[in-house]
Amino acid sequence: MKYVDTKVVFREVPDEVTLAINISNCPVKCPGCHSSYLAQDIGEPLDFDVLKKLIDNNPGITCVSFMGGDAQRELVGEFSRKLKQCYPGLKTCWYSGRDLEQAKINFDTLDFVKVGPFIDEYGPLDSPTTNQRFYAISHNGKESELIDWTHRFQKTTL
Ligand code: SF4
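Offset between the sequence shown (1-based) and the working numbering: plus 272.
1. Check each candidate in 273, 304, 276 and name the one with the smallest Cα separation from residue 391.
2. With three or more beta-carbon pairs closer than 8 Å as the criterion, would you say the segment 310-323 touches the segment 365-377?
3. Is residue 388 near the ligand SF4, with its Cβ less than 7 Å from a heavy atom?
4. Under the assumption that residue 386 contacts residue 397 (Cβ atoms under 8 Å), give the Cβ distance between them as a whole number of angstroms.
5. Run through DSSP, which three-state label would residue 370 get?
6. Does the contact criterion of 3 or more C-beta pairs under 8 Å hold for the segment 307-316 versus the segment 348-360?
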């Protein structure tokens, strides 16, 4: 797995200060892809030591989000599991370009997941017609429960 860049963002995960890590080698091929360069296998290798350095260099974040990584989705889950051990309290999110059924990994290690390809005519998460979904993942029951938070991205009109 390789990453192209990182950025601290405030809207990608509601209520969180998130370190977004842009992962390359995207296999999804969304029809309206806004970042086609991410289909290439470019950037720096991302292993757990690199991940820890990125986090340690960004004090104050409350969440880490893997933006992509569909080519190695099990590794996303593994990173998230290890992060939970090293950084108790730090939340984790995965932005997948796949639909929910295809994106399925062990959600027990994640706090949030966004699923769905980008389709220009339907728009991103803040579009009322979006096909994408953003879920908060509750771990209170025996099995992880996905709670649809997509409405939190929608623009409201008064
Ligand atoms: S998930 Fe879709 S929009 Fe995102 S980089 Fe991959 S092809 Fe492009």
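Beta carbons: idealized from backbone N, C-alpha and C, even for Gly.
The structure says:
1. 304
2. no
3. no
4. 7 Å
5. coil
6. no
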